[in-house]
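Residue numbers (our numbering): 12 to 321.
The beta carbon of each residue, even a glycine, is placed where N, CA and C say it ideally should be.
Worksheet for the structure shown next.
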């Protein structure tokens, strides 16, 4: 084999290798596989041609160009705290989080240069307008209202960019340090006041319960004493009735009544109070009869003299 044949063979193999490399390169550039969560903007000769979504696609090599990938998932962007002036001229730091997704990749690429930066600046501007129309107290307690207004304004403004704002959340609203100290003191004083009120209410209820218990005990004791007195009175009444019946059944004379009266005097004398005794005249006559009776039985005290014994 001469040198010319060897040279021709080498050139042939080089040509074949070049063709193979070219074909492989064309195939690689012609086949485009797009992830499910992304989209690809394809330009043909520098002009928008079409949008590729998830799956395999064929493009014309060296004519079509994949400009950029656009993430179609919902994105969460946390912006740094922004100083905002409230209606009552107080500076507060507001920390926000924005949830959005790209719904039109073509508009997000061609209608705005940097949609993420645009969303951030629009959020800051809208936040200052919304919070600036509220005083500090309203801003602290109206987070849902602020979130709703921010979401509505941002969604309307970013619609032309192919962006859908889901919601806007305020992570924190931080007043100045001096104001925070004053608010903390106020809350501490309010907690102390509520604790004092609860303590006083507890003591009041305790005293009411104690007084109610004492009243019930006194009532029960009085009722017990009343029932005891009633029972004693009924017993005494029955005793008097029995004695009175027994006396009348025995047909007593004045001497027996006087004797019973003398037995009752010591019981009447029991007690420390001064007593005034009223003695009926019939009783004095009976006492005289008793005295004469005893005197007649005792010698030397008068009365009839017993007859002499034989």
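Hey, how far is the Cα of residue i from the Cα of residue j?
i           : j           : result
residue 199 : residue 226 : 40 Å
residue 207 : residue 189 : 27 Å
residue 44  : residue 71  : 14 Å
residue 219 : residue 187 : 47 Å
residue 35  : residue 27  : 12 Å
residue 18  : residue 37  : 28 Å
residue 158 : residue 195 : 26 Å
residue 241 : residue 213 : 41 Å
residue 117 : residue 32  : 34 Å
residue 16  : residue 25  : 14 Å
residue 312 : residue 243 : Only weak support exists for where residue 312 lies, its pLDDT of 46 falling under 50; the value from the coordinates is given anyway. Between residue 312 and residue 243, the C-alpha separation is close to 46 Å.
residue 256 : residue 235 : 31 Å
residue 156 : residue 201 : 27 Å
residue 128 : residue 210 : 56 Å
Taking Cβ to Cβ, would you say residue i is nearer than 7 Å to residue j?
i           : j           : result
residue 126 : residue 174 : yes
residue 81  : residue 29  : no
residue 133 : residue 163 : no
residue 53  : residue 60  : yes
residue 101 : residue 147 : yes
residue 135 : residue 172 : no
If you drop the 5 nearest sequence neighbours on each side, which residues of the same chain put their C-beta closer than 7 Å to that of residue i?
i           : result
residue 89  : 108
residue 105 : 92, 93, 95, 138, 142, 181, 184
residue 178 : 110, 158, 162
Which first and last residues belong to the beta strand (DSSP E) in which residue i is found?
i           : result
residue 89  : 86-96
residue 177 : 174-185
residue 67  : 66-69
residue 42  : 42-45
residue 104 : 102-113
residue 163 : Where residue 163 is concerned, there is no enclosing beta strand (DSSP E), although the alpha helix (DSSP H) it sits in stretches over 154-169.
residue 120 : Note, residue 120: premise wrong, no beta strand (DSSP E); alpha helix (DSSP H) at 116-121.
residue 74  : Counting along the chain, residue 74 falls outside any beta strand (DSSP E), and DSSP gives it neither H nor E.
residue 50  : 49-55
Residues in the same chain with beta-carbon distance under 8 Å from residue i, minus the five sequence neighbours each way, listed in chain order, please.
i           : result
residue 21  : none
residue 79  : 51, 52, 120
residue 176 : 109, 110, 111, 130, 162, 165, 166, 169
residue 320 : Bear in mind that the predicted position of residue 320 carries a pLDDT of just 46, short of 50, making it unreliable; the figure below should be weighed with that in mind. Cβ neighbours of residue 320 beyond the five flanking positions: none.
residue 23  : none
Can you tell me which of the options puts its alpha carbon nearest to the alpha carbon of residue i?
i           : options            : result
residue 41  : 55, 48, 49, 250    : 55
residue 74  : 231, 244, 57       : 57
residue 130 : 230, 209, 166, 192 : 166
residue 39  : 47, 68, 62, 46     : 68
residue 47  : 113, 84, 201, 235  : 84
residue 151 : 230, 215, 98       : 98
Within the continuous alpha helix (DSSP H) that includes residue i, where are the two ends?
i           : result
residue 131 : 126-143
May I ask whether a heavy atom of the ligand ADP can be found less than 6 Å away from the beta carbon of residue i?
i           : result
residue 234 : The model depicted lacks the ligand ADP and carries no ligand whatsoever.
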